[in-house]
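I have placed the structure first, in the form of structure tokens, so that the comments after it can refer back to it.
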Amino acid sequence: MWALLAILVLPLLVLQAGQAYPAQSLEAIAQPYRFALARWEASHLLGSLLWGPPAPTAPTPEQFELVRDYFELGRKIKELRIRLELYGLSPEERQALEEELQELKAERAPKQAQVMALLGAQVAEALAEHGLDTRLLWGRIHLLFPPLRFEFDSLPHVLIVSPRERIATISSTLLKPTLSQAEMEEIEAQVAKLGYSGLVEQIGGVATYPSLLADTVSLEDALSTIAHEWTHHFLVFYPLGRHYNASYDMTIINETVADIVGQEIGDALIGLYQTEEERRQEQGAQTEKKPAFDFNKAMRETRLRVDQLLAQGRVEEAERYMEERRLFINAQGYYIRKLNQAYFAFHGSYGESPAATSPIGSQLRALRERSASLGEFVRTVARISSYQELQALLQE
């Protein structure tokens, strides 16, 4: 169990070689809000080991409706939580929303165990079908190792700290899920007083064991994230996973491999829970014209310009530019609470993210395309322990 803590999606503390900073001061800022990770894992590990037998992987009509209802309730719960964060609510309005929230949670609770068992069985089978199972006794026994286990719960936040003069993660700390916006801004302000760029951000999952997923995640994101986090569990038994924190490049490689697995497995399974009308709409959307505003393009342009300004030592100008771009992007309907060096350090660790500038994403995608299966791709890249070894693989 403890070995798996080394491959958290967001390490509790990541230090880049040669980077000196007031660690005790940052620790003091985060301490009152720290997420009790070991306690959470200990309290959920036993329950995950007591999962029942695998559910049928092809959903019956009743299971189809069960899963869709569960995630629709999650969507409504998420909306209510957002409304409860609004300023200016009267006591009566707040009480009514709280009561509605509790009713929705009570309606959803009895469905959760069945939904988890069903999705877990489906993702496990898809991973095996894509060549990620382990074969014993000359191929006569097939099993998925480590066993796939996950929990839906409130996700922690993460505090990312980056230098102002360059984009790099020098510290990341998991914080409690219940932070208010005022608390997030206060934490970021304290980090800024130390001369660093800080960002408190929501995360999509944590590769504890069992892995932790947001209890209000969408069905599509749940399928991909379950597979993503299991990939981290798998990789810890190989050089790639054990070198997650060896360098920023190795973090990017780990996260991008997990992203590729999650995307392929999610795409393979989402159709099980779509209606015919939803499938037609999805196919139609793929042929429609691109929207007038391209978020990925805008974010990539922003990152490249910021890198350029920082390389020239124009730190304050880069920060003014990021705020201008944040306001522009928000005006197009995409909400970003804070855009700074820490934002790019966090989101840039996913190689295919528009916030990334590393070539690693495209390099891994090229390696995947020339691999016969997803399993072959993962097992090939799992052997590497440095970025140089990935480059050597690409030359073979």
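All residue numbers for the sequence shown refer to the working numbering, where the first residue is 305 and numbers rise by one.
For each residue, glycine too, the CB sits at the ideal point set by N, CA and C.
Keep in mind that this is a model prediction, so the values were computed, not measured.
Inter-residue Cα distance where the pair is I564 and K642
Straight-line spacing of the CA atoms in I564 and K642 works out to 27 Å.
Q. Comparing alpha-carbon positions, which option in E489, R468, Y647, A486 lies nearest R782?
A. Residue numbering for the chain in the displayed model covers 305 to 700; residue 782 lies beyond these limits and cannot be assessed.
ask   = By how many angstroms is the C-alpha of H434 removed from the C-alpha of L452?
value = In this structure, the alpha-carbon of L452 lies about 15 Å from that of H434.
For L697, which residues in the same chain have their Cβ closer than 8 Å to its Cβ, ignoring the five residues on either side in sequence? Take L697, set aside five residues on each side of it, and the residues of its chain with a beta-carbon closer than 8 Å to its own are L671, T684, V685, I688, in chain order.
Q. If G509 sits next to S515, beta carbons under 8 Å apart, how far is it from one beta carbon to the other, in whole angstroms?
A. So it is a contact: roughly 6 Å between Cβ atoms.
Query raised in the report: Taking Cβ to Cβ, would you say V504 is nearer than 9 Å to I464?
Result: Taking 9 Å as the Cβ cut-off, V504 and I464 qualify as a contacting pair.
> By how many angstroms is the C-alpha of L390 removed from the C-alpha of T364?
Replying inline: Cα atoms of T364 and L390: separation of roughly 40 Å, rounded to the nearest angstrom.
With 16 other CB atoms within 10 Å as the buried threshold, where does A676 fall? Its Cβ having fewer than 16 others within 10 Å, A676 is exposed.
task = Quick one: grab the DSSP three-state call for Y374.
result = Looking at Y374 - three-state DSSP - the assignment turns out to be helix.
Bridge partners - D553, DSSP secondary structure assignment: Answer by DSSP bridge pairing: none, since D553 is not bridged.
| message | Let's see if you can read the secondary structure: which residues bound the alpha helix (DSSP H) around H537? | response | Counting along the chain, the alpha helix (DSSP H) containing H537 begins and ends at 523–539.
*In chain order, what residues of the same chain lie with their CB nearer than 7 Å to the CB of E693, ignoring the 5 residues before and after it?*
Contacts found: none.
For T482, does the count of other Cβ atoms within 10 angstroms reach 16, so buried, or fall short, so exposed?
Its Cβ having fewer than 16 others within 10 Å, T482 is exposed.
Do the stretch 403–423 and the stretch 362–376 meet, that is, are 3 or more Cβ pairs less than 8 Å apart? Touching, yes, given that three or more Cβ pairs across the two stretches are closer than 8 Å.
Spell out a yes or no on whether the stretch 482–492 and the stretch 652–665 are touching, meaning 3 or more CB-CB pairs, one atom from each, closer than 8 Å.
-> Too few Cβ pairs lie closer than 8 Å, so no.
- Quick one: Cα of A596 to Cα of G652, how far? Within the model, the alpha-carbon separation for A596 versus G652 is close to 25 Å.
Closest to R630 by C-alpha separation, out of E582, L479, Y647, would be which residue? For the set E582, L479, Y647, the Cα lying nearest the Cα of R630 is the one of Y647.
**Request:** Quick one: give me the first and last residue of the alpha helix (DSSP H) that T520 is part of.
**Result:** From DSSP, T520 is part of no alpha helix (DSSP H); its letter is neither H nor E.
Exercise for review: With DSSP as the reference, label L431 as helix, strand or coil.
Suggested key: DSSP places L431 in the helix class (H, G or I) of the three-state scheme.
Q | Cβ shell of E586 (< 6 Å), same chain only, five flanking positions each side left out | A | Apart from sequence neighbours up to five positions away, no residue of its chain approaches E586 with a beta-carbon distance below 6 Å.
Hey, could you find the ends of the beta strand (DSSP E) R439 is sitting in?
Note, R439: beta strand (DSSP E), 438–440.
- [ ] Return the chain-ordered list of same chain residues with a C-beta closer than 8 Å to the C-beta of T560, the five sequence neighbours on each side being excluded.
- [x] So the list reads Y654, G655, E656, I664, G665, L668, once near-sequence residues are dropped.
>> Which residues does DSSP list as the beta-bridge partners of Y513?
In response: Looking at the DSSP assignment, Y513 forms no beta bridge with any residue, so it has no partner.
(Q) Applying the 10 Å Cβ sphere with the 16-neighbour rule, what's the burial state of L498? (A) Residue environment: L498 is assigned as exposed (fewer than 16 neighbouring CB atoms within 10 Å of its CB, all protein chains considered).
Q) Taking DSSP as the reference, what is the three-state secondary structure of T473? A) In this structure, T473 counts as coil in the three-state DSSP scheme.
Minimum C-alpha distance to R372 - residue among R607, L576, R439: Per the Cα distances, L576.
**Prompt:** Alpha carbon to alpha carbon, what distance is there between R343 and Q418?
**Reply:** Cα atoms of Q418 and R343: separation of roughly 25 Å, rounded to the nearest angstrom.
Pairwise C-alpha distance: S551 and A615: About 20 Å.
### Rounded separation between R439 and P543 - CA only
If you take the alpha carbons of R439 and P543, they lie about 20 Å apart.
By the DSSP assignment, the beta strand (DSSP E) with I445 in it spans what residues?
For I445, the uninterrupted beta strand (DSSP E) segment begins and ends at 445–447.
Start and end residues, beta strand (DSSP E) containing I464
Element bounds for I464: 461–467.
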